[in-house]
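Since the structure comes first, as structure tokens, the remarks are kept for the end.
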Amino acid sequence: MSHMIKPKSINFSELVKNSNSTLSLDVQSKIVDKLNNTFTENEQHWYIANLYMYMNYHSTNDYPINLEDVFKMIGFANKGNAKRTLENNFTKDEDYKVVILRTEKNLNIKDLGGRPDENIMLNIDTFKNLCMIAKTESGKEIRRYYVKLENIYNEIIKEEIEQQKVLLENNKKELQQTQQQLKKEKIHKNQILRRKYYDMKQGDAIYLYKDDENNERSLLKIGKSKNISEREKVYSNMSKNGSIIYVKRCLNCDLTESLLHHLLDKYRINSMQEWFELPSEEFGKQIIDTIINLIDLQIENIYTFIPTLQNFINTNNTNINNNIDNNIEDTNTNEQLDTERNYDIKRVNPKDFDRFIKECCELLPECKTPKADIKRAHRIWSKCSIKDVVSSLDNYLKTNFKSGVDIQDDIKKNIYKGIRLKPLNYTPENDPFLDYETFIIEKCEVNWNYKISYVDFFNNFVSWKKLIDPDYNLQFKYKKDIQKYLERHFAGGRVFLSNDSSNTHLFGVWGLGISSNNFGSKIPKRTTKKVSEYNASTNQLIRSWESLSVASRQLNIPVSTLSNYCRFNTIVSDSIFKYELS
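Taking our numbering, the leading residue of the sequence shown gets 1133, the next gets one more, and so forth.
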């Protein structure tokens, strides 16, 4: 039976809805709209039926069209003419098939001369080609129909592909979000498994945290917390190797931590206020237990406890100091020297900016000075670095001087115009000079921008002394005297340790420097690439720059553009730019 549906034989909206097509409802709705806009009302029933036949059957492998149903429509006078045209121009069993129908009528025929009924079934391509061969008005109309049909079909498929593409993208995003969520949950579960105190109730406690990042040194942090579970969570997010190794409850974690830090001051690591290099983990646990037991037992009788506590502190400090004095000659140890104390330092009003300008600066119209240099000079002059003072200084400079930007040493800097710093002067206190005063004069330099850590200063001082006395030993008390002296003449603060690739800061002084530590400036690891310009024809070097930014600035070419020139060896005005190993 033919699958070609004749006009007015169907409800095409129902056909669209009930088709075995896999198109989405949205696309099917668009099909109906396209048909209404493309075909006449009389054509629509025919076209919608055949559109779905076209979509649901293969154009050459399926044979859904019965010649009996279409020969008149194509324009043939009779089926015989259509059959002869078909046999003369097409291949049986390839372009069309003949199906013998065994009916009751021809089964009873005794005369073999009679012919059984037959159906000639065409595939879609054969039907289209037969219409073209027929050269009839009906054939032309059907050809136009198939052109429209294929156009609509292609549009539908294209829209369906786009819709499927969007759907796949959305599914991909949902999958990625699900994977990320699962990853977060896994990380969270692993963090909980690594934590030992995640279910510990809130309350005052002292903890001992071990950092296993540094294999060369055993660093321990003594801290306080009223919520150990949250504190451990923070540490587990910060480091996979570090962990809280000991926790002990106490009545007052603030008082206990202060006392522990005071007693263990000599074990403190450089400027890291809560970090200590203790003899062992067990030692840290024992000292925590001892102090907590001592304070918790006596906290209700605090007034009678104070003399006992003071005696305990003095006894422990004496023992610690004795141990340090016995080993202080080893000047390579990076002990912390507390610069926050006041050692009879003569101070000025840090907000007397007029006095600072008068004593430390010169006002000249043609001069310009980086803002950072002025702030460093004020810090050394006032021996104060409080944020409120620094903010007030900024406001004072903005009010009294013109600001701008200048390139100095290939670095863009914020500057103030009409001002420059006077040289920083150093005058020894003693006559004759003490040995460390002579060392400062002979081996050190003073400058507003220089810095030096106490570790570097004492290491260089001892080396200098041993040139005269190879057996020289620097005593701890003398070290403290030198430290007080330096803080009177310069400004105490945090500085970098020389020959240290980390960002660790140490206590030291600002305004004094020595060449062996690059005058306190941290030497960054060089990651910039040198840029060279060559003649594209002769490959002769024309000029070079230390970095991409410098070359970009001098050539007035954007950094990204110049970077692409170097990466792809682009020829620009008979020149070629290349990266070089610096």
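Beta carbons: idealized from backbone N, C-alpha and C, even for Gly. These numbers come from a predicted model, not from an experiment.
DSSP-derived helix/strand/coil call for E1317
The answer is helix: DSSP assigns E1317 an H, G or I state.
Cα separation between S1676 and T1501?
C-alpha separation (whole angstroms): 29 angstroms.
Taking Cβ positions only, does T1531 come closer than 9 angstroms to chain E?
Judged by its chain identifiers, the structure shown contains no chain E, having just a single protein chain.
Could you check if Y1711 is buried or exposed, using at least 16 other CB atoms within 10 Å of its CB as the buried criterion?
By the C-beta density criterion, Y1711 is exposed, having fewer than 16 other C-beta atoms within 10 angstroms.
What does the Cβ neighbour count give for I1539, buried or exposed, with the cut at 16 atoms within 10 Å?
By the 10 Å Cβ count, I1539 comes out exposed.
Taking N1581 as part of the beta strand (DSSP E), name the residues at either end of that continuous run.
DSSP places N1581 inside the beta strand (DSSP E), whose first and last residues are 1577-1585.
Can you name the start and end residues of the alpha helix (DSSP H) that I1206 belongs to?
The continuous alpha helix (DSSP H) containing I1206 extends over residues 1199-1206.
Skipping 5 residues on each side, what residues in its chain have a beta carbon closer than 8 angstroms to that of E1389?
Setting aside the 5 residues that flank it on each side, E1389 is surrounded in the same chain by I1338, I1354, G1355, K1356, each with a C-beta closer than 8 angstroms to its C-beta; the list follows chain order.
Terminal residues of the beta strand (DSSP E) in which I1512 lies
Per DSSP, I1512 is not a residue of any beta strand (DSSP E); the alpha helix (DSSP H) it occupies stretches across 1503-1514.
Could you check what DSSP says for F1639 in three-state terms: helix, strand or coil?
Note: F1639 maps to strand in three-state DSSP.
Whole angstroms are fine: how far does the CA of N1667 sit from the CA of R1699?
Cα to Cα, R1699 sits roughly 16 angstroms from N1667.
What does the Cβ neighbour count give for Q1311, buried or exposed, with the cut at 16 atoms within 10 Å?
Counting Cβ neighbours within 10 Å, Q1311 comes out exposed, since fewer than 16 surround it.
Option in A1209, V1230, E1561, V1587 with minimal Cα separation from L1196
As written in the sequence, residue 1196 is Pro, which differs from the Leu given in the question. Nearest C-alpha to P1196: V1230.
When the Cα atoms are used, what is the spatial distance from K1671 to V1663?
Looking at the sequence itself, residue 1671 is Asn, so the reference to Lys does not match. Their backbone Cα atoms lie some 15 angstroms apart in a straight line.
Per DSSP, R1487 forms a beta bridge with which residues?
DSSP lists no partner for R1487.
Assess, as a yes-or-no matter, whether the region 1494-1509 is touched by the region 1561-1572 under the definition of 3 or more beta carbon pairs within less than 8 angstroms.
Using a Cβ-Cβ distance cut-off of 8 angstroms, the region 1561-1572 and the region 1494-1509 are not in contact, since fewer than three pairs of beta carbons, one from each stretch, lie closer than that value.
Which same chain residues end up closer than 6 angstroms to E1413 when comparing Cβ atoms and leaving out the 5 residues on each side of it in sequence?
Once the five neighbours on either side are set aside, E1413 has no close Cβ partner at all.
DSSP state of R1479, grouped into three classes?
Here R1479 sits in coil by DSSP.
Note down, in chain order, each residue of its chain lying with its Cβ closer than 6 angstroms to the Cβ of I1377, except the 5 sequence neighbours on either side.
Closer than 6 angstroms at the Cβ level, and outside the excluded window around I1377, lie L1340, K1342.
Once DSSP output is grouped into helix, strand and coil, what is the label at N1359?
Coil.
Looking only at C-alpha atoms, which of F1593, R1363, W1580, G1374 sits nearest to L1352?
Residue G1374 is the option with its Cα nearest to L1352.
For a quick check, are the C-beta atoms of I1646 and E1577 less than 9 angstroms apart?
Closer than 9 angstroms, so yes.
Bridge partners of N1425, per DSSP?
DSSP lists no beta-bridge partner residue for N1425.
Report the residue from G1207, R1508, W1513 whose alpha carbon sits nearest the alpha carbon of K1490.
Nearest neighbour of K1490 by Cα position, chosen from G1207, R1508, W1513, turns out to be W1513.
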